[in-house]
Each structure stands twice: as structure tokens, then as C-alpha cells.
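Residues 20 to 421 (this note's numbering) are what the sequence shown spells out, left to right. Everything below concerns the one structure shown next.
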Amino acid sequence: MDGLIRRACTMNPVCHSVSSTGVILADYGLNWKEHRRFALMTLRNFGMGRTSMEDRIHGEIQYLIKTLESNVGKTMSPERMFHKAASNIICQVLFGKRYEYDDDFIKEILPLFCEIAKLINGPWAMLYDSFPFIQNLPLPFQKGFRNVERIQTLIGGLVAEHKKTRVPGEPRDFVDCYLDEMDKRVDDSFFCDEQLTMIAQDLYIAGTDTTSNTLLSSFLHLTNNPHIQERVQREIDQVLEGKAQATFEDRHKMPYVQAVIHEIQRMSNTVPLSVFHCTTKNTELMGYSLPKGTMIIQNLTSVLNEEGQWKFPHEFNPENFLNDKGEFFKPEAFMPFSAGPRMCLGEGLARMELFLILVTLLRQFKFIWPEDAGEPDFTPVYGVTLTPKPYHMKVELRSTKD
20 MDGLIRRACT MNPVCHSVSS TGVILADYGL NWKEHRRFAL MTLRNFGMGR TSMEDRIHGE
80 IQYLIKTLES NVGKTMSPER MFHKAASNII CQVLFGKRYE YDDDFIKEIL PLFCEIAKLI
140 NGPWAMLYDS FPFIQNLPLP FQKGFRNVER IQTLIGGLVA EHKKTRVPGE PRDFVDCYLD
200 EMDKRVDDSF FCDEQLTMIA QDLYIAGTDT TSNTLLSSFL HLTNNPHIQE RVQREIDQVL
260 EGKAQATFED RHKMPYVQAV IHEIQRMSNT VPLSVFHCTT KNTELMGYSL PKGTMIIQNL
320 TSVLNEEGQW KFPHEFNPEN FLNDKGEFFK PEAFMPFSAG PRMCLGEGLA RMELFLILVT
380 LLRQFKFIWP EDAGEPDFTP VYGVTLTPKP YHMKVELRST KD
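Quick look at the structure:
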């Protein structure tokens, strides 16, 4: 979630063109350090990992529940529903507001960033990367560039609205905090309107895309492994008996649920190349010389499926995260949020969203792979993230006796 698109832009011509106003969090210089430090501090202050964030997530879950209730007994595609929910949660952090699922803003911005995500690692992007001189030709990647401009316009409008309604020193959200920081840094060129629009775009796109795609992977696996779904529901019923709703702390009493969520993340491998890194000094690694400034592309697929690191490296099996006593444990090879200084800014939010959404929905509903849907296709759609192919699922209400 940490400037996902923009970091890749320094290494990739099509990404650089998509990010026409420059890189915010891409290098290891003072600009990157200042913005990362500011973002970490601000996200923590706005409840990342705290009760206030749980309340925001539970509030959005109620809209998911309404959508699912209206589809009970029917077959539905969950793609747009999860995109909209993830979008609203990060929008509350960034802009202090949520949008109805039929709101014009959310209906416009979501398709824009979905197209961008598919473009960046698609065949036209590879052609562009190989022959940048074709950038002015009327080819499909031009639509991606227009999409970015439109997203920046939409977010710029929200920033302009904040400037009119904010009370300095009384921040309501991330944008207000940034504007307050700009007031303190009058002579600091790092903090400016353009940078604010870009960092808000980064956090919005990455915070929506990765979480929604992981949720889509979750229900794809759960509908195709009903015995795992049933065991998860039994543990949820047992731990939450008598409680109105789950809290993030309940995860410590749910080893199997945690194992399933982590296995979903391992198998979905949403950002397989993580975010590009760069050596900050001359480095020696396993006999290889890496000069300062060398681009480092991590292959998370290699560690998330490595023989010897997992009991069942090539199949969906929660036992990969359970010890001999049935207790949850996390192998060192599990690193979907990357590692080091580039580690995902929004890991805490993503983990909380996944747990609370999955537990709440599985407590109330049963999700079934439609009989007429044929065999599931787990081959992902490639883009800046790996996305499950569109699918449908059947929704049924359940009781604790199920």
C-alpha cells in the first residue's frame, strides 16, 4: 500500500508515464523518508489497528451484509461489492467520508483504477517498456494515462473541498493532517498540493486493490473447499457465542481462522513482485556484486511456494500455518507485505479488514460454488496485482447449527 505504483515508476517506462508528476515515495532520499515518516505517524493517529478503525470497518460491513441479504438464495458476483467496501474503508481514512455503492464518485473511480492495474503489467505495457518512442501513438495504454489524469482530478477535487471546510489544527482525516503539515512547512517544497494529490492517489489505489482482491480470493477458495469453510464457521460460532460482533483481538482465540486467512494470502500472492527496491550502497550478496543504485525485484512467489518452507507448498491447505498441537504459527517465509523499509504501510489495516470482514460474513452466511458454474479457474489475471478471474457464488443464510 506504500506508493505501490509510484515506486515501480522509477524502473518502468509505462509506470513513469502514468506518474507524470514525479515520484513521491520511490527513492530512498529525504523526500521519501519525510513522506513515509509522515504517513506512518498519521495513519497510526487515525486509528490504524485501534478500536476506532474497527468501528469504521464494522460500519462498512453492515453495507456488505445488506448487499448479501438482498442476494440470499441467488447467485452473485462479489467483485464490485468488495471493491466498493475496500474503497470506502480507505476513503474514510484519507477523506473522512464513505460513499453509497451507487454514488457517482465510486462508480467512476473504481473502473478507472481497475483498468490501470491491468494495464501496468499487461502486453501493451511491455511493448511500451521495450519501445518508449511509441508513447504518442494511439494505442491502448493511452487510455490508462487518461485514467490516471481523471483519478488525479477526482482526488484533487476532494483536496480542494477540504481546503474550504477544514479547521486548521483540528484534522478530520489524512488530507487535513497533510494540509496542517504544509502549514508548518511553508518553505518545504516536499510538502505541496501536487504531492498531496499523488500520495492520496497512491494510498487509495493500493489500499483498495490489494484488499479487495484478497477478499475475492478468499471466497473463491472457501466456496471450493466447503469442509474448510464449515470448520472456520464452527470456530467462529464457538468463540463469538453471546457476542454481538467480533473484535480484532478475537483472532488470538481463533487459530484455525488465522491459519485460513494466512493461507489465502499465501495462495493469492496478490503482489508477487512486491515493490521494487534499490541498493543504497555497493553490496555483496551470495558472491554477487550489486553496485549502488541496482534495481532489486523480489520474487515473493518463490518464498510463498518454496519447497521445504511449507508442509503443502503447492496446494491450498491451512495446515501450513498450524503446528502439531493445532496452534497457529507463521513461518518466516510468509511475507506478503514485503519486508524492510519498504514494508507495506497499510499492513495493520489490511489484516484487520480481512479478519473482521471474513469472520462477520462467515458467521451469518454460507457461500456455495454454483452447481452449473463448472470447474473453478484459479489462474489469476495479471496486472500490477494478481486478480482472481471473475466468478459467481451462491449466498445462503445460516444458523449456528450449520
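Glycine included, every Cβ here is placed at the ideal spot set by N, Cα and C.
Status (buried if at least 16 other CB within 10 Å, exposed otherwise) for residue i
{"i": "arginine 285", "result": "buried"}
{"i": "valine 279", "result": "buried"}
{"i": "threonine 398", "result": "exposed"}
{"i": "cysteine 211", "result": "exposed"}
{"i": "methionine 362", "result": "exposed"}
{"i": "leucine 304", "result": "exposed"}
Residue i - DSSP class collapsed to helix/strand/coil
{"i": "cysteine 211", "result": "coil"}
{"i": "threonine 266", "result": "coil"}
{"i": "threonine 299", "result": "coil"}
{"i": "isoleucine 255", "result": "helix"}
{"i": "leucine 364", "result": "coil"}
{"i": "tryptophan 51", "result": "helix"}
{"i": "glutamate 415", "result": "strand"}
{"i": "tyrosine 307", "result": "strand"}
{"i": "threonine 94", "result": "strand"}
{"i": "leucine 44", "result": "The predicted position of leucine 44 is uncertain, since its pLDDT is 40 and thus under 50; a value taken from the coordinates is nonetheless stated next. Residue state, collapsed to three classes: coil."}
{"i": "lysine 385", "result": "strand"}
{"i": "phenylalanine 347", "result": "strand"}
{"i": "glutamate 326", "result": "strand"}
{"i": "methionine 314", "result": "strand"}
{"i": "lysine 116", "result": "coil"}
{"i": "glycine 188", "result": "coil"}
{"i": "serine 236", "result": "helix"}
{"i": "asparagine 288", "result": "coil"}
{"i": "glycine 261", "result": "coil"}
Assumed close pair residue i, residue j - CB separation to whole angstroms, cut-off 8 Å
{"i": "tyrosine 197", "j": "leucine 222", "result": "Rounded, the Cβ-Cβ distance is 11 Å, inconsistent with contact."}
{"i": "glycine 92", "j": "glutamate 415", "result": "7 Å"}
{"i": "valine 178", "j": "valine 194", "result": "6 Å"}
{"i": "lysine 408", "j": "threonine 94", "result": "Actually they are not in contact, since the Cβ atoms of lysine 408 and threonine 94 sit about 16 Å apart, beyond 8 Å."}
{"i": "threonine 320", "j": "threonine 233", "result": "That pair is no contact at about 16 Å."}
Bridge partners - residue i, DSSP secondary structure assignment
{"i": "tyrosine 410", "result": "Tyrosine 410 is not bridged to any residue."}
{"i": "valine 400", "result": "Thr406"}
{"i": "phenylalanine 374", "result": "Paired residues: none, contrary to the question."}
{"i": "leucine 341", "result": "Phe347"}
Neighbour flag for residue i against chain C, beta carbons, 7 Å
{"i": "glutamate 325", "result": "Absent here is chain C; the protein component of the structure consists of one chain."}
Top-ranked residue by Cα proximity to residue i, from the options
{"i": "histidine 411", "options": "Cys297, Leu292, Asn90 and Lys349", "result": "Asn90"}
{"i": "phenylalanine 386", "options": "Asn342, Thr230, Phe238 and Ile174", "result": "Phe238"}
{"i": "valine 251", "options": "Phe374, Lys116, Ile84 and Phe114", "result": "Phe374"}
{"i": "phenylalanine 132", "options": "Ile108, Gly306, Phe114 and Lys162", "result": "Lys162"}
{"i": "serine 287", "options": "Asp192, Gln111, Asn336 and Asp269", "result": "Asn336"}
{"i": "cysteine 297", "options": "Met305, Pro291 and Leu309", "result": "Leu309"}
{"i": "asparagine 243", "options": "Ala392, Asp122 and Gly176", "result": "Ala392"}
{"i": "histidine 240", "options": "Arg370, Thr229, Asp396 and Lys203", "result": "Asp396"}
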